[in-house]
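See structure below.
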Amino acid sequence: NLSSWKGDVVVNAVITGLIIAGGLGFFVWAELLGGRRHELKRSVHTRLVLAATAALLIGGTLAILVLEWFNPATLAPLSLKDKLLTAWFQSVTARTAGFNTFDIGAMTVPSL
Numbered sequence: 128n129l130s131s132w133k134g135d136v137v138v139n140a141v142i143t144g145l146i147i148a149g150g151l152g153f154f155v156w157a158e159l160l161g162g163r164r165h166e167l168k169r170s171v172h173t174r175l176v177l178a179a180t181a182a183l184l185i186g187g188t189l190a191i192l193v194l195e196w197f198n199p200a201t202l203a204p205l206s207l208k209d210k211l212l213t214a215w216f217q218s219v220t221a222r223t224a225g226f227n228t229f230d231i232g233a234m235t236v237p238s239l
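Residue 128 is where the sequence shown starts when you use the numbering used here, and the numbers rise one by one after that.
Here it is in structure tokens:
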């Protein structure tokens with residue numbers, strides 16, 4: 128439970144960055160850091176992984192924001208910055224890590 132750091136940009140950025148980096152996989156990183164840096168020359172696999180990752184993270188963040196915005200047990204009492212950061216963190220960590228910055232049990236049924 129990382130609820131003590133829900134508003135800490137550095138902690139959230141480091142943890143989400145590591146989760147995303149690990150989720151991309153070895154072959155994507157090898158291609159991104161190797162000689163094939165031009166977007167048009169990226170493999171279908173790399174383009175698909177990057178697009179799917181972006182869609183899932185952005186879509187998940189927006190869904191959590193919309194569905195939890197007025198929930199007094201999760202996002203409602205937070206500032207705008209903290210709402211955005213918390214929704215982003217939950218979207219990233221829900222895919223692979225399982226960390227949380229608020230009580231998952233208090234989320235609305237559609238969010239779960």
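Backbone N, C-alpha and C fix where the C-beta goes; we use that ideal spot for every residue, glycine too. Remember, predicted model here, so these are calculated numbers, not experimental data.
| Check | Outcome |
| --- | --- |
| A200 (DSSP reduced to helix, strand or coil) | coil |
| Integer-rounded CB distance, given that V219 should sit under 8 Å from L175 | Going by Cβ atoms, the distance from L175 to V219 rounds to 19 Å, so no, they are not a contact pair. |
| Cβ pair count under 8 Å reaching 3, the segment 223–234 against the segment 131–149 | yes |
| Contacting residues, own chain, Cβ-Cβ under 6 Å from F110 (five flanking each side not counted) | Residue 110 is absent from the structure shown; the chain starts at 128 and stops at 239. |
| Best match in K168, V193 and G150 for proximity to T235 [C-alpha to C-alpha] | V193 |
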